[in-house]
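Q: Going down the list, the protein sequences come from chains H and Z.
For the first sequence, position 93 (counting from the first letter as 1) is numbered 75 according to the numbering used here, and the numbering increases by one without interruption.
Position in the second sequence (first residue = 1) + 739 = the numbering used here.
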Amino acid sequence: MKEKLLKIKEEALAQISKSQTLEQLNEVRVSQLGKKGALTEILKGMKDVSAEERPKIGQLVNETRAEIEAVLEEARKKMEAIVMEAKLAQETIDVTLPAKTMKVGHMHPNTRALEEVENIFIGMGYEVVEGPDVERDYYNFEALNIPADHPAKDEQDTFYISGDILLRTQTSSTQVHEMEKGKLPIRMIAPGRVFRSDEVDATHSPSFHQIEGLVIDKNITFADLKGTLSVFAKELFGEDTKVKFRPHHFPFTEPSAEMDVSCFKCGGKGCRFCKGEGWIEILGCGMVHPHVLEMSKIDPEEYVGFAFGVGLERIALLKYEIDDMRLLYENDVRFLDQF
Amino acid sequence: MNAAKSWLKAYVPDLNCSDQEFMDKMTLSGTKCEGFERMDKNLEKIVVGQIEKIERHPDADKLIVCQVNVGTETIQIVTGAPNVKEGDKVPVVLDGGKVAGGHDGSPLPENGIEIKAGKLRGVDSFGMMCSIEELGSDRNMYPEAPENGIYIFSDDVKVGDDAVEVLGLHDTRFEFEVTSNRVDCYSILGLAREAAATFDLPFKAPEVKVNETSEKVEDYISVEVKDPDLCPRYCARVVKNIKIEPSPEWMQRRLASSGIRPINNLVDITNYVMEEYGQPMHAFDLDTVAGNKIVVKRGVDGEQFQTLDGQMRTLDHDVLMICDGEKEIGIAGIMGGENSKITDDVKTVLFEAATFNGANIRKSAKRVGIRSDASGKFEKGLDPNNAEAAINRACQLIDELGCGEVVSGIVDVKEPIKPLVQLPFEPDFYNGLLGTDIDKNDMLAIFKKLEIAYDESTNMLTCPSFRQDLLGKVDIAEEVARFFGYDKIPMTLPRGEATTGKLPFKLVVEKIASRVAMYCGFSQGMCYSFESPKVFDKLRIPEGDKLREAIRIANPLGEDFSIMRTTSLNGILSSLSTNFNRRNKNVRLFEIANIYVPKSLPLTELPDERSQFTLGFYGDGDFFTMKGVLEQFFSELGMTEEREYDPSVKRPYLHPGRQADIVYKGVKVGYLGQVHPMVAQAYEIKGNVYVAVIDLPEILDFVTFDRKYEGIARFPAVTRDLSLVVPKNIMVGQIESMIRQRGGKLLENLELFDVYEGDQISAGFKSVAYSLSFRAKDRTLDENDVSGAMKKILNGLTSMGIELRA
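1. Residues of the stretch 1226 to 1255 of chain Z in Cβ contact with chain H at a cutoff of 9 Å, in chain order, please.
2. Using a C-beta to C-beta distance shorter than 7 Å, which residues of chain H count as neighbours of Z:G1076?
3. So the candidates are H:P233, H:F234, H:K224 and H:G249; which of them puts its Cα closest to the Cα of H:M241?
4. So Z:E1127 packs on Z:F1023, CB below 8 Å; how close in whole Å?
5. Suppose contacts are defined by Cβ-Cβ distances below 7 Å. Is H:F204 in contact with Z:I1228 by that definition?
6. By the DSSP assignment, the alpha helix (DSSP H) with Z:R921 in it spans what residues?
7. Give me the Cα-Cα distance between Z:Q1050 and Z:M1074, rounded to the nearest whole angstrom.
8. Using a threshold of 7 Å, state whether the C-beta atoms of Z:V809 and Z:A934 are closer than that.
9. Looking at chain H, is there any beta carbon in it that lies within less than 7 Å of the beta carbon of Z:M1265?
10. So, with DSSP's three-state summary, where would you put Z:N1170?
11. Who are the neighbours of Z:D923 on chain H, taking C-beta pairs under 7 Å?
12. Starting from H:I143, find everything on chain Z with Cβ-Cβ shorter than 7 Å and list it in chain order.
13. Could you give the C-beta distance for Z:V1066 and Z:K965, rounded to a whole number, given that I count them as a contact under 8 Å?
14. Measure the C-alpha to C-alpha separation of Z:V917 and H:P229 and round it to an integer number of angstroms.
15. Please classify Z:I927 as buried or exposed, where buried requires at least 16 neighbouring CB atoms within 10 angstroms.
16. Any beta carbon of chain H sitting closer than 7 Å to that of Z:R1221?
17. Decide if H:G293 is buried, meaning its Cβ has at least 16 other Cβ atoms within 10 Å, or exposed.
18. Below 8 Å on C-beta distance, what does H:E312 contact in chain Z?
19. Using beta carbons (cut-off 7 Å, strictly below), is Z:G1497 in contact with chain H?
20. Against chain Z, with Cβ distances strictly below 7 Å, would H:F234 count as a contact?
21. When you compare the CB of Z:P830 with every CB in chain H, is at least one pair closer than 7 Å?
22. How many whole angstroms separate the CB atoms of Z:E791 and Z:E914, which I take to be in contact at a CB cut-off of 8 Å?
23. Could you pull out every residue in the same chain whose Cβ sits closer than 6 Å to the Cβ of Z:N1553, ignoring the five residues on either side in sequence?
24. Check Z:A1113 in the structure and name its three-state DSSP category.
25. Assuming Z:G819 contacts Z:L802 (C-beta within less than 8 Å), just tell me the rounded distance between them.
26. Just by C-beta distance, which residues in the stretch 816 to 850 of chain Z are closer than 9 Å to chain H?
27. Could you give the DSSP three-state label for Z:C1134: helix, strand or coil?
28. Indicate the three-state DSSP secondary structure (helix, strand or coil) for Z:A1332 in the structure shown.
29. Would you kindly report the start and end of the unbroken alpha helix (DSSP H) that includes H:H271?
30. Could you tell me whether the stretch 232 to 240 of chain H touches the stretch 262 to 271 of chain H, using the rule of 3 or more Cβ pairs below 8 Å?
31. Report the three-state DSSP secondary structure of Z:E1067 (helix, strand or coil).
32. Tell me the DSSP secondary structure of H:G107 in three-state form.
33. Going by C-alpha distance, which of Z:V922, Z:G826, Z:D1083 and Z:T1238 is nearest H:F103?
34. Any idea which residues DSSP pairs H:K226 with across the strands?
35. What distance in whole Å lies between the Cβ atoms of Z:V1418 and Z:R1279, which are believed to be in contact at a cut-off of 8 Å?
36. Looking at C-beta atoms only, is the number of pairs between the stretch 1494 to 1508 of chain Z and the stretch 1465 to 1478 of chain Z that lie closer than 8 Å three or more?
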């Protein structure tokens, strides 16, 4: 009996070591350990074994089975690993093939620039407001200290509709709407479309965007205006940006100024980008004229304020180094997809 | 406004700084200098030479060989210039020197032209004689220069001297941008005053003293101003025995430095004073002035008048005219008349220096169609005090230049001149507004420089009459700031009550719209608000349609920009068309911008400005791609109720069978569809184009950002497939709303998985198959629950004429 078992074991181990595939291993299992396998045949012959021998033989059979199973299992694992390896090897891809992208659309450069500006001012406690594009003369001119015969009305080349209705030439009109609401203090920016009858060329468009800013409170100073716009410039163009304020004239502010920023391309040394000047003109600003406050029923003896207006396209063109304003309104995706 | 440094220095003699420094400091004190141009740029080693001998070139007919004394030596120069002769004094550029340009007057090269000794047709030449064009100028500025030839100096210049100096070209022309409030700075004197204050130097105004004859001006002329509101001051003086000749070189040079062409002494003096004082003047030939009388009055409607440029102009009642005893002789402040213009044989001249109403001049100039140098100055509103000063200055120059004899006295018709503006001196206010701590004595020092007088006893400031912009205390604060230095004012941040920064709800919704669009592959475009009325035809919008009721711009840039858009479709289609034209594939664009819907026309109240979320694409995708984008958009905005898609409206710009209006809770919020092939053709786009427009104001009320967690389903769903035979005219939307309505709360989801028309289905019917899933939140459904729901659904469908597919 023992010899038989030993033979079965040897036979099985020999078959296992010869096996090349999982199928062949399985055949070994069936032929040796299966219902009709050699080991099962032995068990069937147990009835001929004496009672005292039986437990021993039984144990021996079980040991043999366990041994064969263990070897089988080990062989199977090895074999499986080989198969898996072969499969994976076959599945190798060329990782340098082009990516399959989910095409996402792009933001207009104006919007991208506007979001930056909005975020800076929202962070400083400014509310974003809007005013109408089609506006009354009063809000666009008169309430901003530009009376009927003021030459500034001509300078701005206004589009008129009928009577006192026109297309706003400046987002400053929104200042008046906000002040009229009578809620003080005011800290607002008002982005929006403005219109001037300029023919379309690389630097002009009859329709463009401005962002107006207005702060009205007690004890606001010109120094506050300088400080605020300096923070704005640093946030927008980089921490090293320097600002320069030059006296200027706007009917609705006094004192008035224009602000230049140090050229962010050359750092102020002078380059082709800033036309060698080292500075780039960026916005107009000033202390709200007392007449403007009075007209909107705010007491100029109690309240003061500052205002500023910046061209959105100007910022976008500068920041993204776009050399032709017409690109902004052509909507060619080869342009838009760069933003 | 241009001004030469040499002319400014005439009134600020101590001015001594580099051009760059001058530009920077003037700009920082408020007189913005846009740039400067050195008039001697690229002029190097150029001296006065005298031609001693001229011989023919041995090998070239058109060349001559000159021996030229250049002071230190005599050099040989070969030239082709036809106009020189022995003894002429000419500008000579020596070997290694530079000239500004070529002799043909073409644009000047950036680095000039270097001149080197060389041979011309085999003969040595050690320099070049120059034309005025080669020296960077032209005959307009140097009228004595010959056409096509070497510039020839007058005989009194010294051989060997710096020729550039002799020509007055060692100078710099500054270009100033003067703001509209500083009328006084449209003059050399005004700029000089600012320069003196900026550099803290003395300002020397010209001393005006007129030598007069014994005759009285009143014996020559009388003046009557009938409309003093339009002419607050009219000064007249008379000059007799006029001798017209070229003005002296110094005056020609100064005019040239400001870019004004010298003509003759009389014209030059008028132009000179206009530059110097900023006061335009006019000269009439007194012999043409009928009745020795000037009448200033409004014109007559419709009358024609010939101005001195020979053009006929149509007058009206609001155009102010200068008339004599019988007729009009000039348009006030704009241009004189042909009938009174100065000719070379003028004997007696009537000088006019007046102040006109600026706004009236501006409007009149526009209507009669002339914008002259004079009107450009008058329309800014001039200081009446300046008229008298200027006319006297002109008469002084007339006398000094020997141009004529000045008759004694001045006819001066004027309204009472406004008293000088007086304001209290309020140093604390100025410091408070500026955020500074400037000493009051420093402020007073600034005022002194600016000729703002201070009376300590009354604490009052008196502003000079030429500073018409100083009206209130904030204006004074600005003067303090300008000369204290804007750069020295500190930088602080506003204190006071904290405020919350935020975006309004509408802009938040717009941001979400663009986010969804971008995630779905759409890029953002921007279009003009105005367009051509032709777009309505392009979009097949019928006559009489509401969309055609657009706001017209009264003064558009052209027909193509003449109406405010009432639909955003043209913008997106034009943009797609541009892309299609440029062969860009699979283009997806969106735009968020207003349309302008008038409440009535012509406009009496402001229109309704409605923000439109517009999407458009061509290439990959179809109607349902666009629908998917919108569904995503609504879901982002919390608009989770059923959206209805109503195909019944038949918008003419869309494919009649592939369009739908979108209805949410009974409100039409937008539409989508395939662009009508004829419209696509009009925009030259081949293939299918899809658009969608959401009228954002309509959805704002439905938008919510509240979200509540509903739990994740813990009990299993039961699914049932439903295969239906449906009459062809029934849309799946109708089937779905029936299924939803009947399915009740247990119906969790329905999914269309097949629509089929064809062989196995009888004509007039289609097969539609759904997978329904049922689920309860609190239990596992049993067979009865589901079959009950299914029965209700089937009953409902049967009532629509729908049957289960066998």
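Quick reminder that beta carbons are idealized off the backbone N, C-alpha and C, glycines included.
Every value quoted in this text rests on a predicted model; they were computed, and no experiment measured them.
A: Looking at the atomic coordinates:
1. For the stretch 1226 to 1255 of chain Z, which is checked against every Cβ of chain H, the residues closer than 9 Å are D1226, I1228, P1229, M1230, T1231, L1232, P1233, R1234, G1235, E1236, A1237, T1238, T1239, G1240, K1241, L1242, P1243, K1245, L1246, K1250 and S1253.
2. Chain H residues near Z:G1076: none, gap ~26 Å exceeds 7 Å.
3. The shortest Cα separation from H:M241 among H:P233, H:F234, H:K224 and H:G249 belongs to H:K224.
4. A Cβ-Cβ separation of about 18 Å leaves Z:E1127 out of contact with Z:F1023 under the 8 Å criterion.
5. It is a contact, given that the beta carbons lie within the stated cut-off.
6. From DSSP, Z:R921 is part of no alpha helix (DSSP H); its letter is neither H nor E.
7. Per the coordinates, the alpha-carbon of Z:Q1050 lies some 11 Å from the alpha-carbon of Z:M1074.
8. Not a contact, by the Cβ cut-off of 7 Å.
9. At least one chain H Cβ lies under 7 Å of Z:M1265.
10. Helix at Z:N1170.
11. Correct list: empty, because the minimum Cβ distance to chain H is about 13 Å.
12. Residues of chain Z passing the Cβ test: I1290, I1292, A1293 and L1342.
13. The sequence given here places Lys at residue 1066 of chain Z; Val does not occur at that position. The Cβ separation is near 15 Å, so there is no contact.
14. Approximately 11 Å between the Cα atoms of the pair.
15. By the neighbour-count definition (other C-beta atoms within 10 Å, threshold 16), Z:I927 is a buried residue.
16. Taking Cβ atoms only, chain H reaches closer than 7 Å to Z:R1221, which makes this a yes.
17. Looking at its Cβ environment, which holds 16 or more other Cβ atoms inside 10 Å, H:G293 is buried.
18. Those within 8 Å of H:E312 in chain Z are S1314 and T1317.
19. With respect to chain H, the C-beta atom of Z:G1497 has no partner C-beta closer than 7 Å.
20. Answer no: the Cβ-Cβ gap between H:F234 and chain Z never drops below 7 Å.
21. No, Z:P830 lies away from the interface with chain H (no Cβ there is under 7 Å from its Cβ).
22. At roughly 43 Å, the Cβ-Cβ gap does not stay under 8 Å, so Z:E791 and Z:E914 are not in contact.
23. The structure shown has nothing for residue 1553 of chain Z, since chain Z only spans 740 to 1545.
24. DSSP places Z:A1113 in helix when its eight states are reduced to three.
25. Their Cβ separation, rounded to whole angstroms, is 5 Å, which keeps Z:G819 and Z:L802 in contact under 8 Å.
26. Taking 9 Å as the upper bound on Cβ-Cβ separation, chain H lies near no residue of the stretch 816 to 850 of chain Z.
27. Z:C1134: helix per DSSP, three-state reduction.
28. If DSSP states are grouped into helix, strand and coil, Z:A1332 belongs with the strands.
29. Counted as a single uninterrupted DSSP element, the stretch harbouring H:H271 is not any alpha helix (DSSP H), since DSSP gives it neither H nor E.
30. Yes: the two stretches touch, three or more of their Cβ pairs being nearer than 8 Å.
31. In the three-state reduction of the DSSP assignment, Z:E1067 falls in the strand class, which pools E and B.
32. Coil, per DSSP.
33. Comparing Cα positions, the closest option is Z:T1238.
34. Its beta-bridge partners are H:D242.
35. Their Cβ separation, rounded to whole angstroms, is 6 Å, which keeps Z:R1279 and Z:V1418 in contact under 8 Å.
36. Enough Cβ pairs lie closer than 8 Å, so yes.
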